[in-house]
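Per UniProt numbering, residue 1 is the first one in the sequence shown, and the count goes up by one each step. Where a beta carbon is used, it is the ideal one built from N, C-alpha and C, also for glycine. The structure under discussion appears below in the form of structure tokens.
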Amino acid sequence: MSWDVALILAMDGLANGSVYLLAGLGLVLIFSVTRVVFVPFGDVAAFSALTLAAFQTGRVPPTIGLVMVLAALATATELVSLWRRGELRRMPHALLAWGVLPLVPCLLAWLTARPGMPAVVQILVTLLLIVPITPLLARVVYQPIADASVLVLLIVSLALHFLLSGLGLLFFGPEGSRTEPLASGVFTLGESFVVSGQVLLMVGSAIVLSGLFFLVFERTVAGKALRATAVNRVGARLVGIRPARTALMAYGSASLLAGLIGVLIGPVTTMYYDSGFIIGLKAFVAAIIGGLVSYPITALGALAVGLVESFASFWSGALKDVIVFSLLIPVLMLRSYLSRHEEEEQDEVDE
């Protein structure tokens, strides 16, 4: 392997790692606040890419129907819950929050689904249409079982992934789509090293969004509320922080990250209704490296996953995914070795 080939593979690895970085941050955010391993994260990113592709071809995105179905289910779930608790006065507010507000992006998407719309408008409307998906799913699926064990929540997440895959096939169809590049042109570094503008945009976006992510968590009241809930849910509740509201914020933020991932990855690979599963799994490897709690280590793990995937594809394209997922074995062994194990002592009773 020459140095030129190594540099090309490294740049491709950084581009892939930037996608896994954003996805890993979203997974850690949701898990730290809600204890949910959100397996369908990649599915939401795939829906974002397919939505933008529909806009660019002048079609009405099928995501509108998906959001409307989820909004109806979430509204019915909330109204039934309020009725059982006898809180009938809150029903109009619930109807507005879960039934009307999610339909506003649907209306905007229907109005802008025509040829000739500026690319910026298409991207913004795509993100607005994607953001409600995860909170609506959380209200229907996760909120009723918020106090369940992590294992139960994981099983539900796996089932939800297969459900979303079926809904994706129903709404988007089996055909794949690829969006237009967001950045054109190439940049030459040295004599023979060429980098496309799209790759630089992906890496730069990951850096900027990670910085914004850090500032939100460190400098804003909402970010501090999320951190407090992640550290101690009971303590956060005692000081007036509502875990259900912070969970909604976490799901909304993760949905926005998934939408941005779909926008960034759409021009470099053909996306299908089920393409997000592999993205989510590789981001999960990065999140496991970070212990599902550490954002900086998750970011480093995501970059490592991207680099390993890129160099593994050079040696064996058929085994690259196997090599990437094999990273879990030494990571889990190392974490098991470093973690403290307290053995239960049983008192012996003399007969």
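Tell me whether residue 240 is buried or exposed, calling it buried when 16 or more other Cβ atoms sit within 10 Å of its Cβ.
-> exposed
Does the beta-carbon distance from residue 186 to residue 132 come in below 8 Å?
-> no
How would you label residue 98, buried or exposed, when you count the other beta carbons within 10 angstroms and need 16 or more for buried?
-> buried
With DSSP run on the structure shown, which of helix, strand or coil describes residue 271?
-> strand
Would you grab the beta carbon distance between residue 201 and residue 182 for me? Rounded to a whole angstrom, and I think it's under 8 Å.
-> 6 Å
Among 270, 112 and 47, nearest to residue 59 - alpha-carbon criterion | 112
Should residue 175 go down as buried or exposed, given a rule of 16 or more other Cβ atoms within 10 Å for buried?
-> exposed
Check the C-beta distance from residue 263 over to residue 48 and give it rounded, since I have them as a contact under 8 Å.
-> 6 Å
Member of 26, 8, 11 and 10 whose CA lies at the smallest distance from the CA of residue 286 = 26
Kindly indicate which three-state DSSP category residue 81 falls into: helix, strand or coil?
-> helix
Which residue from 234, 179 and 279 puts its Cα closest to that of residue 52?
-> 179
Residue 5 (DSSP reduced to helix, strand or coil) = helix
Return helix, strand or coil for residue 188, following the three-state DSSP convention.
-> strand
Residue 156 and residue 140 look like a contact to me (Cβ under 8 Å); what is the Cβ gap, rounded to whole Å?
-> At roughly 11 Å, the Cβ-Cβ gap does not stay under 8 Å, so residue 156 and residue 140 are not in contact.
So residue 61 and residue 129 are in contact, right, with Cβ under 8 Å, and what is the actual spacing, rounded?
-> 7 Å
Excluding five sequence neighbours on each side, which residues of the same chain lie with their C-beta closer than 7 Å to the C-beta of residue 320?
-> 309, 312 and 313
Name the residue from 315, 327, 277 and 243 whose alpha carbon lies nearest to the alpha carbon of residue 35.
-> 243
Under 7 Å Cβ to Cβ from residue 188, same chain only, skipping five residues before and after it: list those, please.
-> 194
Counting only runs that start and end within the stretch 246 to 314, where is the alpha helix (DSSP H) found for 4 or more residues in a row?
-> 276 to 289
Along the alpha helix (DSSP H) that carries residue 180, what are the first and last residues, could you check?
-> Counting along the chain, residue 180 falls outside any alpha helix (DSSP H), and DSSP gives it neither H nor E.
Could one say the Cβ of residue 294 lies closer than 8 Å to chain C's Cβ atoms, at least one of them?
-> Considering every chain present, this structure includes no chain C. It has just one protein chain.
Three-way DSSP call (helix, strand, coil) for residue 352 in this model = Outside the displayed span of the chain (1 to 351) sits residue 352, for which this structure offers no information.
For residue 135 and residue 251, believed in contact at Cβ under 8 Å, the rounded distance | 5 Å
CB of residue 172 within 8 Å of CB of residue 122, strictly | no
Considering only the beta carbon of each residue, do residue 230 and residue 33 sit closer than 8 Å?
-> yes
What is the residue span of the alpha helix (DSSP H) that residue 156 lies within?
-> 150 to 172
Sub-8 Å separation of residue 94 and residue 70 beta-carbons | no
Run through DSSP, which three-state label would residue 345 get?
-> Confidence at residue 345 is low in this model, with a pLDDT of 40, below 50, so its placement is unreliable and no value can be given for it.
Cβ of residue 268 within 8 Å of Cβ of residue 198?
-> yes
By a C-beta neighbour count over all protein chains shown, 10 Å radius and 16 as the cutoff for buried, is residue 16 buried or exposed?
-> buried
Grouping DSSP H, G and I as helix and E and B as strand, with all else coil, what is residue 13?
-> helix
Distance, Cα to Cα, residue 166 vs residue 3?
-> 44 Å
Just curious, the alpha helix (DSSP H) that residue 316 is in, first and last residue?
-> Per DSSP, residue 316 belongs to no alpha helix (DSSP H) and is neither H nor E.
Following the continuous alpha helix (DSSP H) through residue 46, name the residue where it begins and the one where it ends.
-> 41 to 56
Can you tell me where the alpha helix (DSSP H) with residue 110 in it begins and where it stops?
-> 103 to 112
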